[in-house]
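Accompanying notes for the structure given below.
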Amino acid sequence: MKNENDTTATKKKNEDFFKELDKDRNEKGCEYAVLVSLLEPDNELYNSGIVDVSHRYPKMYVIRPQFFIPMITLLRNAATNALQYKQELALVRAQNIDVTNFESDLNKFKDAFSRNYDLASRQFQTAIEEIDKSINHLQKTREALLKSDNNLRLANDKAQDVTVKKLTRKNPTMAAKFAELDSPDTEND
């Protein structure tokens, strides 16, 4: 607040205090600066109401004492609205973070599921290949057994077809020996 007596020799202007007021506001971390002044009593600009000087210093106002309560009310309302907007902004940011976290969790799940699917698919494919190998091996074993069965049948047929006559046909010595055994006049001594 600035005031001077009518008898003061050097008359000050409101502008003389703007720089210092801005410095004080910044040092104290205040958002707004308000100069309540009785200086320049004949200046119609300052006498007309709340004067915004933010063209020179941000969020700085000059008022007469009778406008102090309306100014405080305006600042309070602005702060309340700003607080409400900040709360809404914080809520929106929190929701955005929730959406981002959800998307991140969903992507992690999809990646993990994809890895497990790939592993299971490879294991499934390996199992199918092993089954195919086993089928192939069993098929070869089956074919070998069928060939063995065929060979045994052929051998059996040949064994059934064997006669003494066929065995001795090209062997005169053996034919004579068997003939001796078959003749009734030969007796054992």
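Position in the sequence shown counted from 1, then plus 85, gives you this note's numbering. Backbone N, C-alpha and C define an ideal beta-carbon position, used for all residues, glycine too.
Determine which residues share a DSSP beta bridge with Ile148 and list them. Val121
So, using beta-carbon positions, are Leu130 and Met86 closer together than 9 Å? no
Determine the contact status of Met145 and Asp107, defining contact as a CB-CB distance below 9 Å. yes
Should Ser122 and Arg149 be called a contact, given that it needs their Cβ atoms to be closer than 9 Å? yes
Lys262, buried or exposed, once every other Cβ within 10 Å from all chains shown has been counted against 16: exposed
Do Asn162 and Asn128 have their C-beta atoms within less than 9 Å of each other? no
Cβ pair Ala164, Glu116 closer than 9 Å: In this structure, the beta-carbon distance from Ala164 to Glu116 falls below 9 Å.
Is Lys262 helix, strand or coil when you go by DSSP? helix
Does the beta-carbon of Val147 have 16 or more other beta-carbons within 10 angstroms, so that it is buried, or is it exposed? buried
Does the separation of the CB atoms of Lys104 and Leu124 fall below 9 Å? no
For Glu89, name the three-state secondary structure that DSSP assigns. coil
Quick one: give me the first and last residue of the alpha helix (DSSP H) that His140 is part of. Note, His140: premise wrong, no alpha helix (DSSP H); not H, not E.
Thr248 - DSSP class collapsed to helix/strand/coil: Coil.
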